[in-house]
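Report on one structure; see the data block that follows.
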Amino acid sequence: MSPASCASEGEDEDQWDLFQEPDDFRPKSPPPTEVLQHLYDGTEVSLKLVGSHPLWGHHLWNAAPVMADYLQEHAEKFCAGRVILELGAAAGLPSIAADRAGASRVIATDYPDPDLLQTLQLNIDQNACKHTKTQGFIWGSDPSTLFTLAPNQYDTILMSDLVFNHQAHDALLNTCDACLTRDSHRTPCVLVFFTHHRPHLAEKDTNFFQLAKVRGYRCSRIREWRREPMFPDDPGDAEVKGSNGGHLRKS
Numbered sequence: 001m002s003p004a005s006c007a008s009e010g011e012d013e014d015q016w017d018l019f020q021e022p023d024d025f026r027p028k029s030p031p032p033t034e035v036l037q038h039l040y041d042g043t044e045v046s047l048k049l050v051g052s053h054p055l056w057g058h059h060l061w062n063a064a065p066v067m068a069d070y071l072q073e074h075a076e077k078f079c080a081g082r083v084i085l086e087l088g089a090a091a092g093l094p095s096i097a098a099d100r101a102g103a104s105r106v107i108a109t110d111y112p113d114p115d116l117l118q119t120l121q122l123n124i125d126q127n128a129c130k131h132t133k134t135q136g137f138i139w140g141s142d143p144s145t146l147f148t149l150a151p152n153q154y155d156t157i158l159m160s161d162l163v164f165n166h167q168a169h170d171a172l173l174n175t176c177d178a179c180l181t182r183d184s185h186r187t188p189c190v191l192v193f194f195t196h197h198r199p200h201l202a203e204k205d206t207n208f209f210q211l212a213k214v215r216g217y218r219c220s221r222i223r224e225w226r227r228e229p230m231f232p233d234d235p236g237d238a239e240v241k242g243s244n245g246g247h248l249r250k251s
């Protein structure tokens, strides 16, 4: 029996909305959160985070603040006057730091999901990043949209806490191959900061760099940092989970 036929028989039409879920039918999505981050240059960044997301965009990942500070500490080498691409930007902290460190252009990308991109754009706007654009992008896909924003390719590519996605290593490297400038005078490089969130899979995390070497990249460790583990209740050595490694890779 349809709602229309019920109404014609004198039933209250409002009681027969078959497509309306009761308020308590499913848990409501958590509201967005906001965090305040202090950068190396002494300025502050206010970041919105989505309330919850299957792609983990609701976290400010451990490597992001470390990378942001490193970019500003070494602004002349990695940011000043350079065209920068961030993959998997999430809240966009490294992109914001690069913008403030003098990058000529920054393209902050993440998976083309409305909630992720709206939050990323909000963070770019509210932190007055005049040289930064946002773009939806799937790793390993056709990069033509990225070239419309940077026709001469990119000098620096940023990857913060991405290598734990082991199945995505080849896709990430495919994007680096396509987007990184081949002009050696521009000293092209890829900065990869990461955390061993699952210590028993640390070898799989670092296999990214072995794959990169096969493709002709030179990989070198920058240094390690210590931060509190993001997921302290998960199994594994807390010292390993709390460590961040930075690698500089030049083609």
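Take the sequence shown: its letter number 45 is residue 45 in full-length UniProt numbering, and every next letter is one higher.
C-beta: ideal position from N, C-alpha, C; glycine also.
Please list, in chain order, all residues of the same chain as residue i whose beta carbon is under 7 angstroms from its beta carbon, the five residues on each side excluded.
i: residue 249; result: 189, 190, 192, 212, 217, 218 and 219
i: residue 176; result: 157 and 190
i: residue 117; result: 110, 134 and 136
i: residue 35; result: 47, 49 and 60
i: residue 260; result: Because the chain is modelled from 1 through 251, residue 260 falls outside the range shown and cannot be assessed.
In terms of alpha-carbon separation, which member of the options lies closest to residue i?
i: residue 81; options: 90, 33, 136 and 71; result: 71
i: residue 205; options: 167, 175, 130 and 100; result: 167
i: residue 32; options: 86, 120, 208 and 246; result: 120
i: residue 215; options: 199, 198, 185 and 172; result: 172
i: residue 198; options: 89, 183, 164 and 186; result: 164
i: residue 183; options: 86, 155 and 99; result: 155
Which whole-angstrom value is the C-beta distance of residue i and residue j, which I expect to be below 8 angstroms?
i: residue 115; j: residue 50; result: 5 angstroms
i: residue 169; j: residue 208; result: 5 angstroms
Tell me whether the beta-carbon of residue i lies closer than 9 angstroms to the beta-carbon of residue j.
i: residue 75; j: residue 94; result: no
i: residue 143; j: residue 108; result: no
i: residue 39; j: residue 60; result: no
i: residue 123; j: residue 91; result: yes
i: residue 150; j: residue 105; result: yes
i: residue 131; j: residue 103; result: yes
What did DSSP end up calling residue i once you bin it into helix, strand or coil?
i: residue 37; result: strand
i: residue 217; result: coil
i: residue 130; result: coil
i: residue 110; result: strand
i: residue 50; result: coil
i: residue 194; result: strand
i: residue 189; result: strand
i: residue 100; result: helix
i: residue 95; result: helix
i: residue 141; result: coil
Leaving out five residues on either side along the sequence, give the residues of the same chain with a beta carbon under 6 angstroms from the beta carbon of residue i.
i: residue 96; result: 45, 127 and 129
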